[in-house]
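I have placed the structure first, in the form of structure tokens, so that the comments after it can refer back to it.
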Amino acid sequence: DAGVTQSPTHLIKTRGQQVTLRCSPKSGHDTVSWYQQALGQGPQFIFQYYEEEERQRGNFPDRFSGHQFPNYSSELNVNALLLGDSALYLCASNYRGYTLNYGYTFGSGTRLTVV
Amino acid sequence: EDQVTQSPEALRLQEGESSSLNCSYTVSGLRGLFWYRQDPGKGPEFLFTLYSAGEEKEKERLKATLTKKESFLHITAPKPEDSATYLCAVQPNFGQAGTALIFGKGTTLSVSS
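Chains A and B, in that order, are what the protein sequence lines are.
Counting from 1, position 68 in the first sequence corresponds to residue 68 in this note's numbering; the numbering is continuous, with no gaps.
Counting from 1, position 6 in the second sequence corresponds to residue 6 in this note's numbering; the numbering is continuous, with no gaps.
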């Protein structure tokens, strides 16, 4: 049973560019959340998608946007990249209502480097 | 403001030397407290969820406990393969289930043989 799949695994972009990261949730999961993890820090919540709508958003600027598709997969878009956007971007999935017993399942992340 | 503080930031142990990691939290109502393990360059791996004060859960050499203000992750007779960063996260009790987790910065554990 495949877990959460993220692509690409690594990415190098130049300041001011735009980037799209992709996530396929674990089979049976319908909710996708995105987190940003800077080096030496814990993951920070960006936003969550359920039923193709953004349901909750963390303290991130509008340069960060997302989308969820009918098959529950998701994309994270970041515009006008800044050096400070360099981080590991994690996708987490869950089946809504069953978080407590099984937690969120995380992917291995996309390492984004902005130069 | 909801927040999670983990201590120590780093912990070095000899194989077989038991110890505890601390997670202190302030949250406006707790739906659940989560412990995750994260290996370098990987995503967090789910370990435990604790719901209410007094609850305990065990998995191999790990035992997690919960009080109203903090949680402990006890590691008994650790082995080198237990070396990782251990993350604590809380889920506030508002809105629907499945809302965002608030993470601490983690404790990086190194176990030498």
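Built from N, CA and C at the ideal position, the CB exists for glycine as well.
Self-check item: Residue span of the beta strand (DSSP E) that contains G66 (chain A), given as start and end
Solution: 64–68
Self-check item: Opposing strand residues paired with E75 (chain A) [DSSP bridges]
Solution: A:R22, A:H67
Quiz item: By DSSP, does G40 (chain A) sit in helix, in strand, or in coil?
Solution: coil
Quiz item: S19 (chain B): which of B:Y25, B:Q38, B:S7 sits nearest, CA to CA?
Solution: B:S7
Exercise. For chain B, find out if any of its Cβ atoms is closer than 8 Å to the Cβ of P70 (chain A); answer yes or no.
Key: no
Quiz prompt | Proximity winner among B:E17, B:N22, B:D2, B:S112, relative to L66 (chain B) (alpha-carbon distances) | solution = B:N22
Practice problem: Kindly list the residues whose CB is nearer than 7 Å to the CB of R63 (chain A), restricted to its own chain and excluding five residues on each side of it in sequence; keep chain order. | Solution: V78, N79, A80
Self-check item: Rounded distance between the beta-carbons of S108 (chain A) and K42 (chain B), thought under 8 Å
Solution: 5 Å
Practice problem: Work out the CA separation of P92 (chain B) and R37 (chain B) for me, nearest whole Å. | Solution: 21 Å
Quiz item: Per DSSP, what kind of secondary structure is E56 (chain B) in: helix, strand or coil?
Solution: strand
Quiz item: Where does the unbroken beta strand (DSSP E) through G32 (chain B) begin, and where does it stop?
Solution: 30–38
Exercise. Give a yes or no on whether 8 Å exceeds the smallest Cβ distance from K63 (chain B) to chain A.
Key: no
Exercise. Counting only the same chain and skipping the five closest in sequence on each side, list residues whose C-beta sits under 6 Å from that of V19 (chain A).
Key: K13, V78
Quiz item: When the Cα atoms are used, what is the spatial distance from G66 (chain A) to S74 (chain A)?
Solution: 7 Å
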